[in-house]
Amino acid sequence: MRQPWHSRAMTQATRDDQVPSPCIRLCTLDDREVCVGCYRTLNDIMVWRDLDPAGRLAVLDAADRRRAAAAGTGISGQAPAVAPGRVTPRG
């Protein structure tokens, strides 16, 4: 079984335990406000800079579940990684 992409990215993390952003510059939201590039929710994207490494890894895990579900692998997990309502879009 292939290692999740964020696990591979963690081997490249800096010494101060930073987790790199999964953004691939394909920033388009679907009707559920999930990015079609990195599979983070809008809320996940907005709070990314404020999250500690454990919080970022939780976001990456949820994004992996969304990516797998979108690919039809049968893995579910649509719950947002960060509690809804913590950050709301300005509008």
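Quick note on the numbering used here: the sequence shown kicks off at 879 and runs consecutively.
We treat Cβ as the ideally placed atom computed from N, Cα and C, and that holds for glycine.
Bear in mind that the values here come from a model prediction, so they are computed numbers and not experimental data.
- For the 9 Å CB-CB criterion, residue 949 and residue 918 do not form a contact.
- For residue 923, the enclosing alpha helix (DSSP H) stretches over residues 920-925.
- A Cβ-Cβ separation of about 5 Å places residue 902 in contact with residue 915 under the 8 Å criterion.
- Taking all protein chains shown into account, residue 905 has fewer than 16 neighbouring C-beta atoms within 10 Å of its C-beta and is therefore exposed.
- Less than 9 Å divides the Cβ of residue 900 from the Cβ of residue 938.
- The Cβ atoms of residue 944 and residue 912 lie closer than 9 Å to each other.
- If you draw a straight line from the Cα of residue 932 to the Cα of residue 921, it comes to about 16 Å.
- Inter-residue distance for residue 925 and residue 898 is about 14 Å (C-alpha atoms, whole angstroms).
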